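There are 2 protein chains.
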Amino acid sequence: MSTGIVHLIDDDEAIRDALAWLLRSHRIESRAWDSAESFLADYHVDMRGCLILDIRMSGMTGLELFEQLLDRGCAMPVIFLTGHADVPLAVRTVKKGAFDFLEKPFSDGELAERVVAALGLDEQNHRLATSNASIDARLQSLTMREKEVMKRILGGQYNKVIAADLQIAMRTVEVHRARIFEKMNVRSAVELAQLLAGAQLD
Amino acid sequence: MSTGIVHLIDDDEAIRDALAWLLRSHRIESRAWDSAESFLADYHVDMRGCLILDIRMSGMTGLELFEQLLDRGCAMPVIFLTGHADVPLAVRTVKKGAFDFLEKPFSDGELAERVVAALGLDEQNHRLATSNASIDARLQSLTMREKEVMKRILGGQYNKVIAADLQIAMRTVEVHRARIFEKMNVRSAVELAQLLAGAQLD
DNA sequence: TCCGCCATTGTGGATATCCACAGGCGTGGC
DNA sequence: GCCACGCCTGTGGATATCCACAATGGCGGA
Chain L
986 MSTGIVHLID DDEAIRDALA WLLRSHRIES RAWDSAESFL ADYHVDMRGC LILDIRMSGM
1046 TGLELFEQLL DRGCAMPVIF LTGHADVPLA VRTVKKGAFD FLEKPFSDGE LAERVVAALG
1106 LDEQNHRLAT SNASIDARLQ SLTMREKEVM KRILGGQYNK VIAADLQIAM RTVEVHRARI
1166 FEKMNVRSAV ELAQLLAGAQ LD
Chain D
986 MSTGIVHLID DDEAIRDALA WLLRSHRIES RAWDSAESFL ADYHVDMRGC LILDIRMSGM
1046 TGLELFEQLL DRGCAMPVIF LTGHADVPLA VRTVKKGAFD FLEKPFSDGE LAERVVAALG
1106 LDEQNHRLAT SNASIDARLQ SLTMREKEVM KRILGGQYNK VIAADLQIAM RTVEVHRARI
1166 FEKMNVRSAV ELAQLLAGAQ LD
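Chains as they are written, first to last, in the working numbering: chain L, 986 to 1187; chain D, 986 to 1187.
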């Protein structure tokens, strides 16, 4: 069960109503916004779901909104609606990370299918982000010295070598190592390497 | 210095000549093919460079060629040329991995810029593939038992636990472990984990 | 001034690993 | 029949790690 909804952003009320109705008939919850500005005013990075953007709106365009969202670290998938065939624009936008482009007119089923896929991707991104945030928090809890030791542990160095490298006693390295494993919630250097390898951190 | 060239695939001789001339004026080497079929007949997975495909050709189309190449594990970037604005098609193809779409008419500089970027990506992909192939070869050299032991080493298990798990002596695990490290060219479990984490294997 | 935390160093001892050497059994290929 | 290889087990011993406990000094905040 997804906790995301579809954000409908279009300055044309008739379009918003039609889209909301269409999605409702597929049991998909949505929220309508009459401008990019009003959406941005309420936007926060923890928002879930996906966006349906008309590419051309008065005021801030769909593209400008998309750029803003990228800048703010938004991970929600974005589906563009366009009535004008502009291949270079579509290609450029998709390569920048837009989820999809839909050219009007399109069938109800087609839109619903894309939306379902987009919400699925949002769910997946959310799980990944949650996992990464947990790992990142653990990393933030390490002291500077612990980070220096951890870097060398991950480089495959023995405690004796780390001690020589940092000009401290091997016993000190042993203490740091134990603290690092405790804070990162792992039991060995291998587990630590695997944990960080599976994460995509900032 | 890239060892890749630009493969020009178009059934229109005038287009091929014009493109070749344009690229030559930018000191970019190219090879022309008058059909998708003729290119495929000569294609092999070790080919380097990038492709410029006209999307509509008599016989096998550019799209059909692209699908064939994906099936054959081709990693060379593909730039599509099209005279017809078809947003859904362009979006679908780019999401499948096409490097770019260029709509006619386009400027010389624009094409050259895309080609240079595509050749750069090919270079990067090649380095990655070479590294992965080396790692894969080392993995292939492991015996079945060694693979079983390695899996558990990477899972963070101690030798004593692996021994109990596989119903063999701990000394046996020690021997396998040493052989694994020798074949994979690492000195510790951490190095092994890092090696495999950095690789994208089949 | 006191307290908590970080960084450091140490003792003692158990467990895990690495290295070298040695040998047996089963299987498949020549 | 012989040989090579994989898998297995073992001895001996050195090195690396983990765990528990203990202590000191510096620093920053209350």
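The C-beta atom is built at its ideal place from N, Cα and C for all residues, glycine as well. Note that this is a predicted model, so its numbers are computed, not measured.
Residue i touches chain D at which residues, Cβ-Cβ below 7 Å?
| i | result |
| --- | --- |
| Ser-1173 of chain L | Gly-1141 |
Residues of chain L with CB closer than 8 Å to the CB of residue i, please, in chain order.
| i | result |
| --- | --- |
| Val-1072 of chain D | Thr-1067, Ala-1070, Asp-1071, Val-1072, Ala-1075, Phe-1086 and Glu-1088 |
Please confirm whether residue i has its beta-carbon closer than 8 Å to some beta-carbon of chain D.
| i | result |
| --- | --- |
| Ile-990 of chain L | no |
| Glu-1159 of chain L | no |
| Ala-1017 of chain L | no |
| Met-986 of chain L | Confidence at Met-986 of chain L is low in this model, with a pLDDT of 45, below 50, so its placement is unreliable and the value that follows should be read with caution. It does not: the Cβ of Met-986 of chain L has no partner Cβ on chain D nearer than 8 Å. |
Please name the residue, chosen from the options, that lies closest to residue i on a Cα-to-Cα basis.
| i | options | result |
| --- | --- | --- |
| Gly-989 of chain D | D:Val-1079, D:Glu-1049 and D:Asp-1107 | D:Asp-1107 |
| Asp-1019 of chain D | D:Ser-1010, D:Arg-1041 and D:Met-1032 | D:Arg-1041 |
| Val-991 of chain L | L:Glu-998, L:Leu-1038 and L:Ala-1026 | L:Leu-1038 |
| Ser-1023 of chain D | D:Gly-1044, D:Thr-1067, D:His-1011 and D:Gln-1185 | D:Gly-1044 |
| Arg-1137 of chain D | D:Ser-1116, D:Ile-1165 and D:Asn-1117 | D:Ile-1165 |
| Pro-1062 of chain L | L:Asp-1027, L:Asp-1071, L:Ala-1102 and L:Ala-1174 | L:Ala-1102 |
| Glu-1014 of chain D | D:Val-1100, D:Ser-1119, D:Leu-1127 and D:His-1029 | D:Val-1100 |
| Gln-1060 of chain D | D:Glu-1088, D:His-1029 and D:Val-1160 | According to the sequence provided, residue 1060 of chain D is Ala. The question's Gln does not apply to it. Checking every option, the nearest Cα to that of Ala-1060 of chain D belongs to D:His-1029. |
| Asp-1071 of chain L | L:Leu-1087, L:His-1011 and L:Gly-1082 | L:Leu-1087 |
| Ser-1173 of chain L | D:Gly-1141, D:Ala-1017 and D:Val-1146 | D:Gly-1141 |
| Glu-998 of chain D | D:Lys-1080, D:Arg-1016, D:Gln-1179 and D:Phe-1065 | D:Arg-1016 |
| Met-1026 of chain D | D:Ile-994, D:Arg-1009 and D:Ile-1000 | A small correction: the amino acid at residue 1026 of chain D is Ala; Met does not occupy that position in the sequence shown. Checking every option, the nearest Cα to that of Ala-1026 of chain D belongs to D:Ile-994. |
| Phe-1090 of chain D | D:Gly-1082, D:His-1011, D:Gly-1068 and D:Lys-1081 | One detail in the question is off: residue 1090 of chain D reads as Pro in this sequence, not Phe. If we check each option's Cα against that of Pro-1090 of chain D, D:Gly-1068 comes out closest. |
| Thr-1128 of chain L | L:Arg-1162, L:Ala-1148, L:Arg-1112 and L:Asn-1144 | L:Arg-1162 |
| Glu-1176 of chain L | D:Asp-1002, D:Glu-1159, D:Tyr-1143 and D:Asp-1150 | D:Tyr-1143 |
| Ser-1116 of chain D | D:Asp-1150, D:Gly-1082 and D:Gly-1183 | D:Gly-1183 |
| Arg-1112 of chain D | D:Gln-1185, D:Ile-1064, D:Lys-1145 and D:Leu-1066 | D:Gln-1185 |
| Thr-1046 of chain L | L:Ile-1000, L:Asp-996 and L:Arg-1001 | L:Asp-996 |
Which bits of chain D does residue i rub up against, with CB to CB less than 8 Å?
| i | result |
| --- | --- |
| Ile-1153 of chain L | Within chain D, no residue comes near Ile-1153 of chain L; the closest Cβ sits about 20 Å away, beyond 8 Å. |
Flag residue i as yes if its beta-carbon sits less than 8 Å from any beta-carbon of chain L, otherwise no.
| i | result |
| --- | --- |
| Lys-1080 of chain D | yes |
| Met-1169 of chain D | no |
Which residues in chain D sit within 9 Å of residue i, going by Cβ to Cβ distance?
| i | result |
| --- | --- |
| Gln-1179 of chain L | Leu-1139, Gly-1140, Gly-1141, Ala-1178 and Ala-1182 |
Item to check | alpha helix (DSSP H) runs wholly inside the region 1082-1168 of chain L, at least 4 long, in chain order | outcome: 1093-1125, 1129-1139 and 1144-1151
Checklist entry - So, do the region 1129-1143 of chain D and the region 1090-1101 of chain D have three or more beta carbon pairs nearer to each other than 8 Å? => result no
Checklist entry - Would the region 1052-1064 of chain D and the region 1044-1056 of chain L be scored as touching if the rule is three or more Cβ pairs under 8 Å? => result no
Checklist entry - Would you call the region 1025-1038 of chain L and the region 1099-1118 of chain L in contact, with 3 or more CB pairs under 8 Å? => result yes
Checklist entry - Between the region 1109-1126 of chain D and the region 1169-1187 of chain D, do three or more beta carbon pairs fall short of 8 Å? => result yes
Checklist entry - Considering only residues of the region 1032-1089 of chain D, which uninterrupted alpha helix (DSSP H) runs meet the minimum length of 4 residues and lie entirely inside it, listed in chain order? => result 1047-1056 and 1072-1080
Item to check | Given 8 Å, three or more beta-carbon pairs between the region 1060-1078 of chain L and the region 1068-1083 of chain D | outcome: yes
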